[in-house]
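Notes for the one structure printed next.
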Amino acid sequence: MLASIWIRTMQLLNAHLSSTSTSTRTQYPLKIRGKAVSLTTASNWVFNFALAFAWAIPPGFEHIA
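Sequential numbering from 1 applies to the sequence shown in UniProt numbering.
Following this line, the structure appears as structure tokens:
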């Protein structure tokens, strides 16, 4: 069961990461491609950090002692 969950998670993660960077790399001309990819990567990191920071302690677990 855990192996199938892990495999599915890795599939979704791989699909998400490759599609974002590939679409950004092919969408812009070479002149601004570096800045566009940098902005995409930075916004992805910031959003993932915000999600991890918001759900660092799941609701209901802060009172467990």
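C-beta: ideal position from N, C-alpha, C; glycine also. As the structure is a computational prediction, the values presented were derived from the model and not from experiment.
Just to confirm the assignment, what range does the alpha helix (DSSP H) spanning Ala54 have? It spans 30 to 54 - the alpha helix (DSSP H) in which Ala54 sits, taken as one unbroken run.
Please report the straight-line C-alpha distance between Lys35 and Thr26, rounded to a whole angstrom. Annotation: Lys35 to Thr26 spans about 13 Å, alpha carbon to alpha carbon.
For Glu62 and Phe49, I'd like the C-alpha separation in whole angstroms. Their Cα atoms are separated by approximately 20 Å.
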